[in-house]
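In our numbering, the protein residues as written are 21 to 570. For reference, the structure is listed below as structure tokens.
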């Protein structure tokens, strides 16, 4: 990469950007995306695809000629070839990671396997048309093929076998000589054709594209197009029409209750009640009364008879969230209810028949809990009839844009705002964040961002985070072709400044709370959201420091 940077020159006075002897342009990806969309609307999918592939092919050929000169100048063959992927990264088109590369110039043998990250074309297509069943990095495939063909002196063609526009977690391309693909229709994309002479025969518009290009749509309640989400959703859909007990597995915040509600709303019990109980939030000495009910006088304080959650859910669905935290005594009674369909209130000798579908959820490893004696094996096998694992958000990157759009729509209505979505930088930070809190964390971040963003504006990166996020290491090119490193962590920089200027913790905390209250215009709840704490916590700290709470 350093060799390429030394060839890159910015001449602000003349308005020229040079890469060695080639003039370059720095343009907005959105402008390219609009052009790409217009080609699709005007020409239809197949002709637009061919045109974009050939446009990329021509660009790749020019860069390939530069790599050939580098090889002839004494550079190792593989190092010279990898100038192309490095250049593509430098141009901002895509970040390329080599998986396997075989080059034999004497025999003409070539095989390449690469991962693509942050492909602009994939992102642009998904934003304009949603997710579909075909890969969409057409210009980039053309570039890789043109570059390699120029380097090898024969037609070498790449195919995209994984693509984020199809819901895959990454893009992946394979390249080999054209004849080895044995796919003449695909190879035709790389050959010139006279489009103008054929347009007279066609009247192709957006409606035609919609019929030709299948797109996946997500459910109105559950949002997702990634392979992991679709696998979980397909299992959920297959269980909806039956009364089978479902066990939802996954980390905290992945949306287990939403899955449970969808199962209820799309099954035969949809008209019945949906009762949810968080088993971890109820004290151990009260859980049995909550689940099974209590008779008057059963214990001190039981002044009235009360139906339990099982009785209230009869004819519908009972969702047992965090079932892995049930005490052993409650596990015994729960197992009996599942086996007999009968409950017995505390303090009563009579049994009541209930008709309840059970959906349980846990983020606890029940296998380990059984080994340590914290969870009964017989109850596990009863609940584990139909397990569904919901993947964490970090494994569902393709779902993030749709989730963001859903949350912006939701909170724009609540806060009476009209927003244009996220800026490119903000979306990049959202896509790069690991989301340890999963969808729940993403929703909280978007709610805060909607609150902070100006009406009729866009959500910027500064609106996203209550605390300063980690900044990934990257490089910035100066006008002289130098690379300056960004700080690894913005929070480290802030800490350094606080220590350097001898700012005390108490003073810093007080000023932070005052600033949050000013930005929230005195609204305590909004200020607490900005600080990432609860309203009572902020009220307590303000009172402790003698600051006004409104």
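Just so it is clear, CB atoms sit at the ideal spot from N, CA and C, and this is done for glycine as well. Source: prediction; values computed, not measured.
Residue i - DSSP class collapsed to helix/strand/coil
i	result
residue 587	The structure shown does not extend to residue 587, since the chain spans only 21 to 570, so no value can be given for it.
residue 157	coil
residue 395	coil
residue 405	coil
residue 233	Residue confidence is low: residue 233 scores 43 on pLDDT, short of 50, so the model does not pin down where it sits. Its coordinate-derived value is still stated next. In the structure shown, residue 233 sits in coil (DSSP, three-state: anything other than H, G, I, E or B).
residue 535	helix
residue 139	coil
residue 495	Residue confidence for residue 495 is low, a pLDDT of 44 falling below 50, so the modelled location carries little weight; the figure read from the coordinates is stated next. Strand at residue 495.
residue 166	helix
residue 324	coil
residue 440	coil
residue 299	coil
residue 223	Interpretation of residue 223 is limited by its pLDDT of 44, a score under 50 that renders its predicted location unreliable; the figure taken from the coordinates is listed afterwards. Looking at residue 223 - three-state DSSP - the assignment turns out to be coil, as it is neither helix nor strand.
residue 466	helix
residue 97	helix
residue 119	strand
residue 307	helix
residue 480	coil
residue 314	strand
residue 424	helix
residue 182	strand
residue 553	coil
residue 245	coil
residue 63	helix
residue 274	coil
Beta-carbon proximity of residue i to residue j, cut-off 9 Å
i	j	result
residue 333	residue 299	no
residue 330	residue 374	yes
residue 197	residue 176	yes
residue 268	residue 410	yes
residue 572	residue 144	Residue 572 cannot be examined here, being either before or after the span of the chain that is shown, 21 to 570.
residue 377	residue 281	no
residue 608	residue 419	Residue 608 falls outside the range modelled here, since the chain spans only 21 to 570, and no answer is possible.
residue 147	residue 53	yes
residue 279	residue 346	no
residue 544	residue 531	no
residue 292	residue 335	yes
residue 173	residue 107	no
residue 82	residue 209	no
residue 28	residue 44	yes
Chain-order list of residues whose beta-carbon lies under 8 Å from that of residue i (same chain, five-residue window excluded)
i	result
residue 283	256, 259, 260, 266, 337 and 379
residue 80	104, 162, 163, 164, 165, 166, 167, 168, 169 and 170
residue 46	37
residue 277	296, 339, 341 and 381
residue 272	383, 457, 458 and 460
residue 404	267 and 386
residue 77	162, 163, 165, 166, 169 and 210
Bridge partner(s) assigned by DSSP for residue i
i	result
residue 44	37
residue 29	38
residue 572	Here the chain comprises residues numbered 21 to 570, so residue 572 is not present and cannot be evaluated.
residue 191	136
residue 145	DSSP, once it has assigned bridges, lists no residue as partnering residue 145.
residue 197	176
residue 546	DSSP, once it has assigned bridges, lists no residue as partnering residue 546.
residue 124	129
residue 339	296 and 379
residue 363	372
Same chain, Cβ closer than 7 Å to residue i, neighbours up to 5 away in sequence not counted
i	result
residue 435	470 and 471
residue 407	267 and 269
residue 96	none
residue 90	100 and 103
residue 466	424, 427, 428 and 431
residue 451	417 and 420
Own chain residues within Cβ distance below 6 Å of residue i, not counting five before or after
i	result
residue 563	none
residue 327	313
residue 536	547, 550 and 551
residue 35	none
residue 567	none
residue 158	69, 72 and 73
Evaluate the contact criterion for the segment 403 to 414 versus the segment 454 to 472: three or more CB pairs, one atom per stretch, below 8 Å. yes
Can we say the segment 415 to 435 touches the segment 372 to 382, given the rule of at least three CB pairs closer than 8 Å? no
Decide yes or no for the touch test of the segment 301 to 318 against the segment 366 to 378: beta carbon pairs closer than 8 Å, at least 3 of them. yes
Does the segment 132 to 139 touch the segment 191 to 208, meaning 3 or more C-beta pairs lie closer than 8 Å? yes
Indicate whether the contact test is met: 3 or more Cβ pairs, each with one atom in the segment 343 to 361 and one in the segment 391 to 404, closer than 8 Å. yes
Counting pairs of beta carbons, one from the segment 443 to 453 and one from the segment 471 to 481, are three or more of them closer than 8 Å? yes
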